[in-house]
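Its first residue numbered 1, the sequence shown is counted upward by one per residue in full-length UniProt numbering.
A virtual CB, placed ideally from N, CA and C, is assigned to each residue, including glycine.
Please read these numbers as outputs of a predicted model, since none were measured by experiment.
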Amino acid sequence: SEFTTSRLLDFVRSVAMATTNMYNYSIEKLRTDEFPHLKNSVYVDHAGATLFSKSQIDAVHQDLISNLYGNPHSHNTSSKLATDTIDQIRYRLLKFFNTSHNEYSLIFTAGCTASLKIVADCFSFSSDKKHPEASGVFCFLDDNHTSVQGMREVFAERCSGIFCLDENELKTAIDSHLPVDTTESGSKHQLSNGEASSSVDLQSTPQSLLAYPAQSNFSGKKYPLEWIKQVQEAGLNLSGSRNKQTASERWFVLLDAAGFVSTSRLNLSEIKPDFVTISFYKIFGYPTGLGALLVHKRAWNTLSKQYFSGGTVAMSTAKERFHVFRDTLHEKFEDGTLPFLSIISLRHGLDVINKLAGGMDKISEHIFAVAQYFHHNLQQLHHGNGNPLAQIYGDIDFQSPVGQGGIVTFNLKRSDGKFIGFAEVDKFAQLHDIHLRTGCFCNIGACQRYLNLSSKLIKDNFAAGHVCGDNVDLINGLPTGAVRVSFAYMSTIADARVCLRFIADSFLEQPTAIPTFPDPVWYRSSGGDTVDVQVVAEKVAEKINGISEKNVSSKENGVVNGFHRAINKGEITAASVSKTCSETVRKVTDICLYPVKSCGAFRVSEWEMCSKGLLYDREWVLVSDTGVVIGQKREPRICLLSPCIDLSRRKLILSFPGASSFELPLDQEEEFDAMASLCTNKVCGDRVNTFDCGDAVSEWLSKNFETSGIRLLRQQSDDARTSKLKDKDNINTDDIDKPKLSMANESQLLLLSRSSVRGLQKKMVEIKDVDDADDTRLPTAPADITEDNLMLRFRG
Ligand SMILES: Cc1ncc(COP(=O)(O)O)c(C=O)c1O
């Protein structure tokens, strides 16, 4: 578990290599200048959606207010301008992928999923529509996005077989002469439709389709692009005998490039998939809701379309079934009015990729350097007893951007080897303003493979109430999903370090020392681009090892310069909290309620309980002008709003520093009935029926928070929200058995032990002393933090 010299050398060498040669230092300034919306947040969910830059949005704004763009279907000059600009952008996009109109047709769609759906709806499994019985098969890699998996349901009616293959099976089917296991127990799974038709009409040719992702959205693994040509030329061996492509069979390949194109150059002059699907927001963040389907000319005739619409026909008649599609493929498939302003905005996204980030090759290397830094450091983290903290998913060694994109997916484990649920990691991350992704990321195939989830187990879990995207993270101690950290061109080593620091501080148990995460600036200062990586690695290893041994042997407490920081015994970690709690004798010392959700506490010595917990607790909530609930994570100043309840005068009294207080009747529901508008708001994922408390309090709140449009809402008395209690196996129980809830997060009461408060207080005081903390965003602890007043700072 400790750093041995040779392990350390390997580690430092590879990090040094990537950071010196690939990391783009100029991005650090760019991140500050171009991403003001990031503020202090650490955003590492780029595989979900990446971020737009300021210059891009400024340029879009400038473009749209300087030019008059009209509906491309009209014939006036503004329409012509829109049509010509779209043509230009189509041309530029094809060039971006190193191809042209002569080879590929680019169809604008609503996104990658919409592109996949066009292929699902229109791909012909036979070259002759009149002889659909001569049909080919559909094969897809298990590590595909759900949007690819869904194609099988549409194809089920039209093709002669559906196969879901894992990587080895696909490799075997591509290049081996060995028979592939086609039995039920073999994991190559023929999903439906049984046998190929026996009465193949020789006039028609069966057409088969293979779909795989260029980069897994689960692990970031890049799959071989050579497969494309191999499959197009020789087909797949699915039956045990070499199924060489002959005149009577053709294979086509769909490359889902949604993940790949955001971190790598897709060069369509080198590889020529028949179909390529992408979403633009994954490359440069804006606009959303726009993607493309690129179709190679080889496959133009495989798409057969029935629906026609405005823009897609050359002519049609109303009373007779007569229509003729437009000539070019994109005209035939782009139904309705194109999202022309969004398409026009794309060119500013393309500019950003080149001007700000130095082009796709540089981006690819930069992202890899950051991801590799995160991966290697995460891999080094071990609990005090020597057990690793993280189980990282992926089959490759993270050595080069050729095989790996900017994604690291993992689960954390406690020192006894038990898994820590991803929802727990997510909640802790949110408290640190770190935005990551948890669950299966719409890739159940990869989830099944890496987490060993059988189809039966998934169905059993579903029957017990677990659905995609919920918070049921462990069932019988085993993970139902994972944690994904993904980087983009504006990510920096500092982002990776903040994530690592958070993981180490929150989840490492009793470490002899916590590694601080080296700032790669050393490598640069040791020689910049011309650095001899081997020499630097040795120097750095020597330095780390020296200090590490010193720390371990002397078992010093306190802050130590260099790479390791010893831990004080009282320091709070998730694990230490639960341990302490289980050993404490419990006695209630304080009762706090939070009448307005997430705002200040109201402390009482005794209080009445109602069917939803403490009477009036979290019955009110603040919402923004868009109706979204305001929490302290987004607007920390709401803790300054102190509500108090005067039962004798039947008033809710709101106070704000420096302002006169505002009183509302507790029995407002009746009194305000006539003017209160009823609303439904989302609180902690639930729809809650509320009513608006009126304009006067809204004005008072908006004035004090210097933000217009803040409203105060109150839960309707008959709202039937119930607690999120789960049974011991983490499964939801029936709603009727559950306690009713106000707008509290998960249950009626939150019990807080004095020892946790004490631990937190101690930690906050220590923050001031830690001068080498990686996370410079940590607030310095206010001088007046006492155990007692800290109690009042917990949010309801
Ligand atoms: C590899 C991959 N394919 C397809 C999709 C679906 O893309 P969209 O939701 O933009 O349609 C995603 C989205 O995350 C993805 O990562």
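- residue 393 bridges to which residues according to DSSP? If you number the sequence shown from 1, residue 393 lands on position 393. Answer by DSSP bridge pairing, in chain order: 409.
- Pick from 153, 352, 98 that is closest to residue 270, judged by C-alpha positions: Sequence index remark: in the sequence shown, residue 270 carries index 270 (1-based). Here the closest residue by C-alpha is 98.
- Query: Just the Cα atoms here: how many angstroms apart are residue 423 and residue 323?
  - Reply: Within the sequence shown, residue 423 is the residue found at index 423, counting from 1. Within the sequence shown, residue 323 is the residue found at index 323, counting from 1. In a straight line, the C-alpha of residue 423 is about 53 Å away from that of residue 323.
- Item | For residue 382, the three-state DSSP class (helix, strand or coil) | Mapped onto the sequence shown, residue 382 falls at position 382. Three-state result, residue 382: strand.
- Task: Leaving aside the five residues before and after residue 41 along the sequence, list all residues of the same chain whose C-beta is less than 8 Å from its C-beta, in chain order.
- Result: Within the sequence shown, numbered from 1, the residue matching residue 41 stands at position 41. Once the five neighbours on either side are set aside, the close Cβ partners of residue 41 are 433, 434, 435.
- Closest to residue 633 by CA distance: which of 429, 117, 219, 789 is it? By one-based count along the sequence shown, residue 633 stands at place 633. Among 429, 117, 219, 789, the Cα nearest to that of residue 633 is on 429.
- Message: Can you determine whether any heavy atom of ligand 1 sits closer than 7 Å to the C-beta of residue 213, and answer yes or no?
- Response: Taking the sequence shown and counting its residues from 1, the one referred to as residue 213 is at position 213. Yes, the beta carbon of residue 213 sits closer than 7 Å to at least one heavy atom of ligand 1.
- Task: Under 8 Å by Cβ, that's how I've got residue 381 and residue 503 pegged, so tell me the actual separation to the nearest angstrom.
- Result: Indexing the sequence shown from 1 puts residue 381 at position 381. Indexing the sequence shown from 1 puts residue 503 at position 503. About 7 Å separates the two Cβ atoms, so the contact holds.
- Message: So, for residue 361: in the same chain, excluding its five sequence neighbours on each side, which residues have a beta-carbon less than 8 Å away from its beta-carbon?
- Response: The sequence position of residue 361 within the sequence shown is 361, counting from 1. Here the set comprises 265.
- Message: Please give me, in chain order, every unbroken run of the beta strand (DSSP E) with length at least 3 that falls completely inside the region 224-287.
- Response: 250-256, 275-279
- Message: Does the distance between the C-beta of residue 256 and the nearest non-hydrogen atom of ligand 1 fall short of 7 Å?
- Response: By one-based count along the sequence shown, residue 256 stands at place 256. Within the cutoff, so yes.
- Task: Note down the Cα distance separating residue 25 from residue 426, rounded to an integer number of angstroms.
- Result: As a working note, residue 25 is residue 25 in the sequence shown. As a working note, residue 426 is residue 426 in the sequence shown. So the alpha carbons of these two residues sit roughly 29 Å apart.
- For residue 31, which of helix, strand or coil comes out of DSSP? By 1-based counting over the sequence shown, the position of residue 31 is 31. Of the three classes helix, strand and coil, the one that applies to residue 31 here is helix, per DSSP.
- Are the beta-carbon atoms of residue 373 and residue 488 separated by less than 8 Å? For this step, residue 373 is matched to residue 373 along the sequence shown. For this step, residue 488 is matched to residue 488 along the sequence shown. No, Cβ-Cβ distance for residue 373 and residue 488 is not below 8 Å.
- Query: Expressed to the nearest angstrom, what Euclidean distance is found between the alpha-carbon atoms of residue 45 and residue 416?
  - Reply: Counting from 1 along the sequence shown, the entry for residue 45 is found at position 45. Counting from 1 along the sequence shown, the entry for residue 416 is found at position 416. When rounded, the distance between both Cα atoms is 29 Å.
- Proximity to residue 337 [Cα-Cα], best of 110, 709, 653, 693: In the sequence shown, the residue the question calls residue 337 occupies position 337. If we check each option's Cα against that of residue 337, 110 comes out closest.
- Message: Pull the bridge partners of residue 642 from the DSSP assignment, please.
- Response: For the purposes of this step, residue 642 is taken as residue 642 along the sequence shown, with counting starting at 1. In the DSSP output, where bridge partners are listed per residue, residue 642 has 655.
- Looking only at its own chain, which residues have a Cβ that is under 8 Å from the Cβ of residue 789, when we skip the five neighbours before and after it? For this step, residue 789 is matched to residue 789 along the sequence shown. For residue 789, where only same-chain residues beyond five positions count, there are no Cβ hits under 8 Å.
- Sub-8 Å separation of residue 148 and residue 116 beta-carbons: As a working mapping, residue 148 is identified with position 148 in the sequence shown. As a working mapping, residue 116 is identified with position 116 in the sequence shown. Yes, they are a contact pair.
- Query: For residue 47, is the beta carbon positioned less than 7 Å from some heavy atom of ligand 2?
  - Reply: Ligand 2 is absent from the structure shown, which contains only ligand 1.
- Does the Cβ-Cβ distance between residue 107 and residue 334 come in under 8 Å? Locating residue 107 in the sequence shown gives position 107, counting from the first residue. Locating residue 334 in the sequence shown gives position 334, counting from the first residue. Here residue 107 is near residue 334, since their CB atoms are less than 8 Å apart.
- Is the beta carbon of residue 399 less than 8 Å from the beta carbon of residue 221? Counting from one through the sequence shown, the residue named residue 399 turns up at place 399. Counting from one through the sequence shown, the residue named residue 221 turns up at place 221. No, they are not a contact pair.
- Item | Boundaries of the beta strand (DSSP E) in which residue 25 is found, first to last residue | As a working mapping, residue 25 is identified with position 25 in the sequence shown. Counting along the chain, residue 25 falls outside any beta strand (DSSP E), and DSSP gives it neither H nor E.
- Rounded separation between residue 412 and residue 389 - CA only: Looking up residue 412 in the sequence shown gives position 412. Looking up residue 389 in the sequence shown gives position 389. Distance between the alpha carbons of residue 412 and residue 389 is about 6 Å.
- Query: Cβ of residue 291 versus every heavy atom of ligand 1: is any distance shorter than 7 Å?
  - Reply: As a first step, residue 291 must be located in the sequence shown, where it is residue number 291. Taken from the Cβ of residue 291, at least one heavy atom of ligand 1 lies inside 7 Å.
- Query: In chain order, what residues of the same chain lie with their CB nearer than 8 Å to the CB of residue 228, ignoring the 5 residues before and after it?
  - Reply: On the sequence shown, position 228 is the one that residue 228 refers to. The residues are 253, 255, 271, 272, 273.
- Item | 4-residue-minimum alpha helix (DSSP H) runs that sit fully inside the region 96-178, ordered along the chain | 112-122, 146-149, 151-155, 167-175
- Which residues in the same chain have their Cβ closer than 6 Å to the Cβ of residue 294, if we skip the five residues on either side of it in sequence? What you label residue 294 is simply residue 294 of the sequence shown in a count that begins at 1. Excluding positions up to five away in sequence, the list reads 104, 106, 276.
- DSSP state of residue 447 mapped onto helix, strand, coil: Residue numbering aside, residue 447 sits at position 447 when the sequence shown is read from its first letter. Helix, per DSSP.
- Would you list, in sequence order, the uninterrupted alpha helix (DSSP H) runs of no fewer than 4 residues that lie entirely inside the region 339-388? 340-355, 360-380
- Roughly how many angstroms separate the alpha carbons of residue 654 and residue 623, rounded to a whole number? Translated into positions along the sequence shown, residue 654 becomes position 654. Translated into positions along the sequence shown, residue 623 becomes position 623. Distance between residue 654 and residue 623, taken at the CA atoms: about 16 Å.
- Message: Would the region 298-317 count as touching the region 149-168 if we require 3 or more Cβ pairs under 8 Å?
- Response: no
- Query: Which residues bound the beta strand (DSSP E) around residue 688?
  - Reply: Here residue 688 refers to the residue found at position 688 of the sequence shown. Run containing residue 688: 686-692, per the beta strand (DSSP E) assignment.
- Alpha carbon to alpha carbon, how far is residue 660 from residue 691? As a first step, residue 660 is located in the sequence shown; it is residue number 660 there, counting from the start. As a first step, residue 691 is located in the sequence shown; it is residue number 691 there, counting from the start. Approximately 25 Å between the Cα atoms of the pair.
- Backbone CA spacing between residue 175 and residue 72 [nearest angstrom]: In the sequence shown, counting from the first residue as 1, residue 175 sits at position 175. In the sequence shown, counting from the first residue as 1, residue 72 sits at position 72. Each residue's Cα considered, the two are about 48 Å apart.
- Query: Helix, strand or coil: which one does DSSP assign to residue 617?
  - Reply: The residue labelled residue 617 in the question sits at position 617 within the sequence shown. Note: residue 617 maps to coil in three-state DSSP.
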